[in-house]
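Engineer:
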Amino acid sequence: MTKEAIRFGLCCIFKEQPIKFRTTTAKYLSQFPVEEQKNRLSKICLSNAKTLLKALAFCHQHHIGSFRINSQILPLKTHPQQGYNVRDLPKADQIIKNFMACGKFSLEHDIRTTFHPDQFIVLSSVHPDVVKRSKADLEYQAEVSQWVNADVINIHAGGVYNDKPSALSRLRKVIDSLPDPVRKRLTLENDDKSYSPEDLFPVCRDMEIPLVYDVHHHRCLKDNLSIKDATDLSADTWNREPLFHISSPINGWKSPDMRKHHDFIAVNDFPRNWMSMKITVEVEAKAKEVAVLKLMKELFCDGK
DNA sequence: AGCGGTCAAGTTGAT
DNA sequence: ATCAACTTGACCGCT
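Counted the way our numbering counts, the first sequence spans residues 53 to 356.
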């Protein structure tokens, strides 16, 4: 086992490894009778549960200590028309059994798992329907989290609607209404154009929500805090191992599209003050497992 | 086997 | 007013 303190995280998919999650679309499924739709969904869910175990095994083998689970691990789970309960699918028991095997594996081998619902989940929205669907999605991810022992469901604060205080106040209210399995896993992340760490700390402190500090986003959307300060304040919001994000811009820090992610992490983008911390760092890079392994090597093997 | 078109969802900001 | 970007492919259906 590696002796360094930092636990690196791989996000959702692989670049070179033949480990692939399956998916489908509502439009394609809708051509089949309902029973056939359930059969197809069941096959995909079962396949994804088994693939997740392979993903975790790869991480374990290569000393990657954390894995982010794709939001579509159960495709269309909360779709307005094609949504479903896993219990209503053929072979539901097998699907759940296989996910629970992932939970057992990650506990035994200390692989941390996380979720990161995508941009459509907006708890601060002015539209009640959007909030309702967002909550349904969070509940689905909390359900899977319980099977696989994921301890983080990480979201952004959402839209601003020209009035940040109101948006944050709506956010607080909705967070207060979340069921416990979601609430105890929920984290907030600073984003690259609306909410800086400074914007989010009051909510995090008042409501005991951990802040996932994304240093790349912080470099895109600055506030009055230094990286060191934001790091320490973020770490303080965690009642368990803090989770941070790292990525590098595709064309350097001066390009207009610096928000886009590079294939790899430039080792100089990795904050030096993180080196001695007991943290999880999810690596957001397009080269996926290749980038995680390269960064680990450069930080801990090539350095002095 | 290879390739192009398509896919549930929200919000922002560039054109 | 429209539309790409964000994430980021994977899949289907055609050649």
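Ideal Cβ placement from N, Cα and C applies to all residues, glycine included.
To which residues of the same chain is THR361 closer than 8 Å at the C-beta, ignoring the five residues directly before and after it?
Structural biologist: Because the chain spans 53 through 356 in this model, residue 361 falls outside it and cannot be assessed.
Engineer: Report all residues from its chain with a CB closer than 8 Å to the CB of LEU105; omit the five preceding and five following residues, and keep chain order.
Structural biologist: Locating residue 105 in the first sequence gives position 53, where the first residue counts as 1. Cβ within range, chain order: ASN150, ALA153, CYS154, PHE157.
Engineer: Please state whether the Cβ-Cβ distance between GLN124 and GLU341 is less than 9 Å.
Structural biologist: Here residue 124 corresponds to residue number 72 of the first sequence, with the count starting at 1. Here residue 341 corresponds to residue number 289 of the first sequence, with the count starting at 1. Cβ distance not < 9 Å, so GLN124 and GLU341 don't count as in contact.
Engineer: Determine the closest residue to GLY211 out of LEU263, VAL234, SER177, with distance taken between C-alpha atoms.
Structural biologist: If you number the first sequence from 1, residue 211 lands on position 159. The shortest Cα separation from GLY211 among LEU263, VAL234, SER177 belongs to SER177.
Engineer: What distance in whole Å lies between the Cβ atoms of TYR265 and ASN242, which are believed to be in contact at a cut-off of 8 Å?
Structural biologist: One-based indexing of the first sequence puts residue 242 at position 190. One-based indexing of the first sequence puts residue 265 at position 213. Going by Cβ atoms, the distance from ASN242 to TYR265 rounds to 7 Å, so yes, they are a contact pair.
Engineer: Starting from the N-terminal side, write out each stretch of the beta strand (DSSP E) that is 3 residues or longer and does not extend beyond the stretch 154 to 207.
Structural biologist: Whole beta strand (DSSP E) segments, 3+ residues: 164 to 167.
Engineer: In terms of residues, what are the limits of the beta strand (DSSP E) holding SER240?
Structural biologist: Counting from one through the first sequence, the residue named residue 240 turns up at place 188. According to the sequence displayed, residue 240 carries Leu and not Ser. Here the beta strand (DSSP E) through LEU240 covers 238 to 241.
Engineer: Going by the CB atoms, is the gap between THR130 and ASP189 shorter than 9 Å?
Structural biologist: Stepping through the first sequence from its first residue, residue 189 is reached at position 137. Stepping through the first sequence from its first residue, residue 130 is reached at position 78. Yes, Cβ-Cβ distance for ASP189 and THR130 is below 9 Å.
Engineer: So, under 8 Å CB-CB, ILE227 and LEU175 are touching, yes? Tell me the CB distance rounded to an integer number of Å.
Structural biologist: Along the first sequence, one-based indexing puts residue 227 at 175. Along the first sequence, one-based indexing puts residue 175 at 123. Right, their Cβ atoms sit about 7 Å apart.
Engineer: Please state whether DSSP places ASP140 in a helix, a strand or coil.
Structural biologist: Translated into the one-based positions of the first sequence, residue 140 becomes position 88. Three-state result, ASP140: helix.
Engineer: Measuring only from the beta carbon, is MET329 closer than 8 Å to any heavy atom that is part of the ligand ADP?
Structural biologist: Looking for the ligand ADP in the displayed structure turns up nothing, as the structure carries no ligands at all.
Engineer: Sort out for me which residues DSSP pairs VAL264 with in a bridge.
Structural biologist: Locating residue 264 in the first sequence gives position 212, counting from the first residue. Answer by DSSP bridge pairing, in chain order: GLU241.
Engineer: Can you tell me whether ARG257 is helix, strand or coil according to DSSP?
Structural biologist: For this step, residue 257 is matched to residue 205 along the first sequence. Correct three-state label for ARG257: helix.
Engineer: CB-CB under 7 Å to ARG222, same chain, minus the five flanking residues each way: which ones, in chain order?
Structural biologist: For the purposes of this step, residue 222 is identified with residue 170 of the first sequence, where counting begins at 1. Excluding positions up to five away in sequence, the list reads SER176.
Engineer: By alpha-carbon positions, which one of ALA209, ILE148, PHE66, THR165 ends up nearest to LYS245?
Structural biologist: The residue given as residue 245 occupies position 193 in the first sequence. Cα-wise, what sits closest to LYS245 is ALA209.
Engineer: Between ASP181, ILE173, SER248, which has its C-alpha nearest LYS216's C-alpha?
Structural biologist: Taking the first residue of the first sequence as position 1, residue 216 is located at position 164. When only C-alpha atoms are compared, the closest one is SER248.
Engineer: Enumerate in chain order the residues of its own chain whose CB-to-CB distance from LEU345 is below 8 Å, with the five nearest sequence positions on each side excluded.
Structural biologist: Walking along the first sequence from the start, residue 345 turns up at place 293. Hits under 8 Å: HIS114, ILE116.
Engineer: Closer than 8 Å is the cut-off here; do at least three beta carbon pairs connect the stretch 291 to 303 with the stretch 313 to 321?
Structural biologist: Yes: at least three Cβ pairs fall under 8 Å.
Engineer: Pull up the distance between the alpha-carbon of ILE331 and that of ALA57, whole angstroms please.
Structural biologist: Within the first sequence, the letter at position 279 stands for residue 331. Within the first sequence, the letter at position 5 stands for residue 57. Roughly 7 Å separates the two Cα atoms.
Engineer: Is it buried or exposed for LYS356, if we count other Cβ within 10 angstroms and need 16 for buried?
Structural biologist: Against the first sequence, residue 356 aligns to sequence position 304. Any reading at LYS356 needs caution, since the residue's pLDDT is 43, under 50, leaving its predicted position unreliable; the model's value is listed next. Looking at its Cβ environment, which holds fewer than 16 other Cβ atoms inside 10 Å, LYS356 is exposed.
Engineer: Could you give the C-beta distance for SER118 and ARG59, rounded to a whole number, given that I count them as a contact under 8 Å?
Structural biologist: In the first sequence, the residue the question calls residue 118 occupies position 66. In the first sequence, the residue the question calls residue 59 occupies position 7. Right, the Cβ-Cβ distance comes to about 5 Å (below 8 Å), so this counts as a contact.
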